[in-house]
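Protein chains in written order, with our numbering: chain A, 1 to 144; chain B, 145 to 288.
Every residue gets a Cβ at the ideal spot worked out from N, C-alpha and C, and that includes glycine.
Protein chains: 2
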Amino acid sequence: MFSKACEYGIKASIFIAINSYEGKRVSPKEIAKEINSPQAFTAKILQALVRHKVINSVKGAYGGFEINKNELKYINLSQIVKAIDGDNIYNGCGLGLDKCDENHPCPVHEKFITVRDELKHMLENTSLEELALDIKSGASFLKA
Amino acid sequence: MFSKACEYGIKASIFIAINSYEGKRVSPKEIAKEINSPQAFTAKILQALVRHKVINSVKGAYGGFEINKNELKYINLSQIVKAIDGDNIYNGCGLGLDKCDENHPCPVHEKFITVRDELKHMLENTSLEELALDIKSGASFLKA
DNA sequence: TATAAATAGGATAAAATTATCCGAAATAAA
DNA sequence: TTTATTTCGGATAATTTTATCCTATTTATA
Ligand code: FES
Ligand code: FES
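Below is the structure:
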């Protein structure tokens, strides 16, 4: 469904969100430990999220990654997925035709876009804030 | 969503289905041409589908790939996807946790399984027969 | 039985994804 | 201003996925 990079990106963002609530910045090292991911690879993904302005970075001593506390409720999974995996999951054909086109549909088009649209709706309506709160309350987990 | 191999496998199966209606066997060469896929790679995927008994192969002169005409309505996308991509798309965690577990859910578990179950339902309730008929009637297409 | 036609399958190769390493640049504090 | 800390970014490596090639095996027909 999502690439490994995207999975790490989502989990990392949630962990950053939790800490940003408490005004704490976190490092790739802490993040990788908490989400059980390869550290250097995770750092690359964080860079991409910074470039796409999903998260913010502060260089130098006492720096780290953070998210503006007030924006937490407006950042959704859709933004993270698009930043890392692009929007092929939104627009691409389920059977790999060059483009998903109502006027030249692949055999699964009608059925596929129903599922795809539900996925899209889910990603667009799930905020980092609610996911972070679930982790804090112990309702969900970032690693095994 | 699906691997390239799986996309080819689905399209190939549909093309085989169309021809099996008319009692014709088809070769990897014809299939690859019709679905616009690399021939040798497609042949490998066909072998896998044969091993999983989704399609049937006949070796030697006048041989080729076919599907029992009477089974067409009972073969669904689910069988093809499982044969090629395995059942990770059915059981796997959306964020890559070792297993998707109601009692140890990842942050997106609840929302993810809703979409996943709809995808599952779609795959299980879409038969090769209906997809083949749409191609025959010109309602859908196997390549650009 | 010999031949031609076709799938099966192993060995590689190419490309994409995932992962690691290291030095450069930035920054806060001593 | 120096130092310690931390992200940035380029180079490289490992792994997985995608793709190709060649030979063996099977089978219908002449
Ligand atoms: S054309 Fe294939 S999903 Fe729309
Ligand atoms: S635990 Fe992640 S989807 Fe179920």
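Which same chain residues end up closer than 7 Å to A/A5 when comparing Cβ atoms and leaving out the 5 residues on each side of it in sequence? I45, I84
Is the Cβ-Cβ distance between B/L272 and B/L193 less than 8 Å? no
Chain B residues whose Cβ lies nearer than 8 Å to that of A/D134: P251
Report the CB separation of B/S157 from B/V198 in whole angstroms; it is logged as a contact under 8 Å. 7 Å
Can you tell me which of the three DSSP states B/N200 falls into? strand
Exposure label - B/E178; buried when at least 16 CB within 10 Å: buried
Taking the alpha-carbon of B/L286 as reference, which of A/I31, A/C93, A/R51 has the nearest alpha-carbon? A/C93
At the 8 Å Cβ level, is A/I18 part of the contact set with chain B, yes or no? no
How about A/V81: is its Cβ closer than 7 Å to a heavy atom in ligand 1? no
Where A/K4 meets chain B, residues with beta-carbon distance less than 7 Å: G240
What residue range is occupied by the uninterrupted beta strand (DSSP E) comprising A/F141? Careful: A/F141 lies outside any beta strand (DSSP E) and carries neither H nor E.
Opening and closing residue of the beta strand (DSSP E) in which A/F2 lies: Taken as a continuous stretch (DSSP letters only), A/F2 belongs to no beta strand (DSSP E), as it is neither H nor E.
Given this structure, state the Cα-to-Cα distance separating B/L239 from A/A144, to the nearest angstrom. 11 Å
Nearest neighbour of B/N214, chosen from B/I154, B/S164, B/S281, B/Y152 [CA to CA]: B/S164
DSSP state of B/E174, grouped into three classes? helix
Is it buried or exposed, A/T42, if we count other Cβ atoms within 10 angstroms and call 16 or more buried? buried
Any C-beta of chain B sitting closer than 8 Å to the C-beta of A/S78? no
Given 7 Å as the limit, tell me if B/C237 has its C-beta closer than that to any heavy atom belonging to ligand 2. yes
Can you say whether A/A61 is buried or exposed, counting buried as having 16 or more other CB atoms within 10 angstroms of its CB? exposed
Just to confirm the assignment, what range does the beta strand (DSSP E) spanning A/E118 have? First-last for A/E118: 109-124, but that is the alpha helix (DSSP H), not the beta strand (DSSP E).
Helix, strand or coil for A/E66? Go by DSSP, reduced to three states. strand
Is the stretch 261-278 of chain B touching the stretch 113-132 of chain A, taking contact as three or more C-beta pairs under 8 Å? yes
For B/H288, decide whether its Cβ has a neighbour in chain A, counting only Cβ atoms nearer than 8 Å. The sequence shown places Ala at residue 288 of chain B, not His. Judged by the 8 Å Cβ criterion, B/A288 is in contact with chain A.
Other residues of its chain near A/K29: CB distance less than 8 Å, five sequence neighbours each side excluded: Q39
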